[in-house]
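Numbering of the sequence shown is given in this note's numbering, commencing with residue 125 and proceeding in unit increments. Just so it is clear, CB atoms sit at the ideal spot from N, CA and C, and this is done for glycine as well. One structure is given below, encoded as structure tokens.
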Amino acid sequence: MRAVMEYHADSDNYPCIKVSIVLGNEDLSIKISDQGGGISRNQSHLLFNYLYSTAPRPDSTDMGGSAPLAGYGYGLPISRLYARYFQGDLQLYSTEGYGTDAIIYLKALSSEANEVLPVFNKASTKFYRQTTQTSDWTNSSSVFGNNGRNSNMLGHMGLLIKPSPRIAQPSVTGARAV
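Right, here's the structure in full:
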């Protein structure tokens, strides 16, 4: 939302931030789309690095009684780490000069969202017996491959969040269930 407000600072009418929640056979997918100007492709590889942020660094001397929510460079890396921990993923698709789509994939069935803990030494492997082979969430590549299958939608809910110039919190302008 910060990017939308900054990118359209000279406008009186801010574009909506679109949120889609889709429950498929395997995944619960959450897609958040904005028109905040996006990020260039040569910077996109930095987005999941800790301490990297596109937001200005918060001023520690002028907190004004409230803690800043952006600018430290931990939000995206930790969010992706949590998603992968439970066999999901977080992916970003950005178009410079337009906006960004963030998609969070979570397992639809809790029985499939097993914790995968990395094993750091060979001596401890005898205590871990895994019945099915799963991806290691610490891997830098995506947990989900693009296998070209479309999910069979069980449900879909869409929200539009309209930024307001007067307040820093979103207001829901419409919701629908299909």
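- Under DSSP, Leu214 takes part in a beta bridge, and its partners are Ile228.
- If you draw a straight line from the Cα of Pro139 to the Cα of Thr219, it is about 16 Å long.
- Taking a contact to require three or more Cβ pairs closer than 8 Å, the segment 149-160 and the segment 210-228 qualify as touching.
- A check of alpha carbon separations from Phe172 across Ser164, Gly162, Gln159 and Ser203 identifies Ser203 as the nearest.
- Inclusion of Ala237 and Gln211 in the CB contact set at 7 Å is warranted, their separation being smaller than that value.
- Counting only the Cα atoms, Arg126 lies some 19 Å from Tyr174.
- Here Ser164 carries a coil assignment [DSSP, helix/strand/coil].
- Comparing alpha carbon positions, the residue from Arg208, Gly197, Lys142 and Gly221 closest to Glu130 is Gly221.
- The three-state reading of DSSP puts Gly148 in coil, since its state is none of H, G, I, E or B.
- Taken through DSSP and simplified to helix, strand or coil, Ser153 comes out as strand.
- Distance between Ser144 and Asp183, taken at the CA atoms: about 34 Å.
- With a cutoff of 7 Å on beta-carbon distance, Ala179 and Gly161 are scored as not near each other.
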